[in-house]
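Asker: Letter by letter, the sequence shown follows residues 5 to 211 of our numbering. Glycine included, every Cβ here is placed at the ideal spot set by N, Cα and C. This is the structure I have questions about; it appears just below.
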Amino acid sequence: MIRGKFITLEGGEGVGKTTNLTFLTHYLGQHNISVVVTREPGGTALAEKIRHLLLDKDSEVISEHAELLLIFAARAQHIKLVIEPALARGDWVLCDRFTDATYAYQGGGRNMRVSTIEWLENLVQGNLRPDLTVLLDAPVEIGIDRARARGVLDRFESEKINFFENVRRAYLLQAELHPERIKLIKANQPLADVQRALVDVIGIFLR
Ligand code: T5A
Numbered sequence: 005m006i007r008g009k010f011i012t013l014e015g016g017e018g019v020g021k022t023t024n025l026t027f028l029t030h031y032l033g034q035h036n037i038s039v040v041v042t043r044e045p046g047g048t049a050l051a052e053k054i055r056h057l058l059l060d061k062d063s064e065v066i067s068e069h070a071e072l073l074l075i076f077a078a079r080a081q082h083i084k085l086v087i088e089p090a091l092a093r094g095d096w097v098l099c100d101r102f103t104d105a106t107y108a109y110q111g112g113g114r115n116m117r118v119s120t121i122e123w124l125e126n127l128v129q130g131n132l133r134p135d136l137t138v139l140l141d142a143p144v145e146i147g148i149d150r151a152r153a154r155g156v157l158d159r160f161e162s163e164k165i166n167f168f169e170n171v172r173r174a175y176l177l178q179a180e181l182h183p184e185r186i187k188l189i190k191a192n193q194p195l196a197d198v199q200r201a202l203v204d205v206i207g208i209f210l211r
């Protein structure tokens with residue numbers, strides 16, 4: 005059995021990850037590729053409970069270490085129960101956010117040490133890394149406005165603009181550090197153009 009491809013979508017708040025994940029799922033379906041669509045934090049019953057804890061803005065103050073460890077606890081479950089079995093079956097996995105989000109939000113946004121994140125990444129993931137990551141990038145205000153237009157903000161969305169500028173900077177740094185894996189698409193263009201760029205990027209895997 006040929007192992008499936010592991011593709012992640014990344015970017016700040018409201019840049020269009022979910023919208024484009026749905027588009028990509030449909031597009032791959034047209035190419036007869038069996039796809040598992042999932043997200044982080046989340047993707048299993050336990051990991052979705054952890055997601056709820058992380059996004060709940062009425063919870064007690066969550067320490068930075070608790071936040072980081074909860075994210076990796078959810079990820080450990082997700083990898084073992086969903087991602088690895090799917091890839092081993094030959095399915096492709098499309099995941100809305102993965103560890104690049106940890107480098108961006110906890111590393112960039114919360115200013116946590118990159119070496120700590122790397123250590124947890126190696127512990128929890130072993131050799132597992134995405135085959136391809138699409139980074140949707142847009143000026144922070146655009147994504148925030150789109151997220152706000154949707155209504156109630158969660159714990160992360162309630163952060164200050166400076167936090168999101170640091171998140172964006174850290175994402176762009178990840179793309180610089182891993183140019184072979186992370187492909188950047190400008191998300192502040194019309195959706196049809198974003199999706200054309202997405203088809204170009206994914207085309208490499210379909211040949
Ligand atoms: N988190 C997560 C961490 O801190 N560390 C981690 O390691 C991980 C994995 C999860 C939160 O957890 C944090 C980060 C996050 O804050 P989430 O729900 O995954 O939350 O992330 P959000 O960014 O909040 O997801 P959103 O659903 O808000 O944003 P999306 O998915 O990027 O945006 P989407 O597709 O819902 O689009 C938003 C709106 O914009 C429109 C869409 O139609 C929609 O209305 N839109 C466009 N409009 C015009 N032009 C375009 N090109 C458009 N693209 C989309």
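Just to check, is the beta-carbon of R117 closer than 8 Å to a non-hydrogen atom of the ligand T5A?
Answerer: Residue mapping note: residue 117 aligns to position 113 of the sequence shown, counting from 1. No.
Asker: Just how far apart, CA to CA, sit K84 and L195?
Answerer: For the purposes of this step, residue 84 is taken as the residue at position 80 of the sequence shown. For the purposes of this step, residue 195 is taken as the residue at position 191 of the sequence shown. Near 34 Å, if we compare the C-alpha coordinates of L195 and K84.
Asker: Under three-state DSSP, which class holds T48?
Answerer: Start at 1 with the first residue of the sequence shown, and residue 48 comes out as number 44. It is coil, neither helix nor strand.
Asker: Under 9 Å, do T120 and I75 count as touching if we go by C-beta distance?
Answerer: For this step, residue 120 is matched to residue 116 along the sequence shown. For this step, residue 75 is matched to residue 71 along the sequence shown. Not in contact: T120 and I75 (Cβ atoms no closer than 9 Å).
Asker: From H82 to I165, what distance separates their C-alpha atoms?
Answerer: For the purposes of this step, residue 82 is identified with residue 78 of the sequence shown, where counting begins at 1. For the purposes of this step, residue 165 is identified with residue 161 of the sequence shown, where counting begins at 1. Using only the alpha carbons, I get a separation of about 30 Å.
Asker: What are the boundary residues of the alpha helix (DSSP H) that includes V156?
Answerer: On the sequence shown, residue 156 is found 152 positions in, with the first residue counted as 1. Counting along the chain, V156 falls outside any alpha helix (DSSP H), and DSSP gives it neither H nor E.
Asker: At what residues does the beta strand (DSSP E) containing L98 begin and finish?
Answerer: Locating residue 98 in the sequence shown gives position 94, where the first residue counts as 1. Looking at the DSSP string, the run of the beta strand (DSSP E) that includes L98 is W96 to D100.
Asker: How far does the alpha helix (DSSP H) with E71 in it extend, from its first residue to its last?
Answerer: By one-based count along the sequence shown, residue 71 stands at place 67. First-last of the alpha helix (DSSP H) with E71: E68 to H82.
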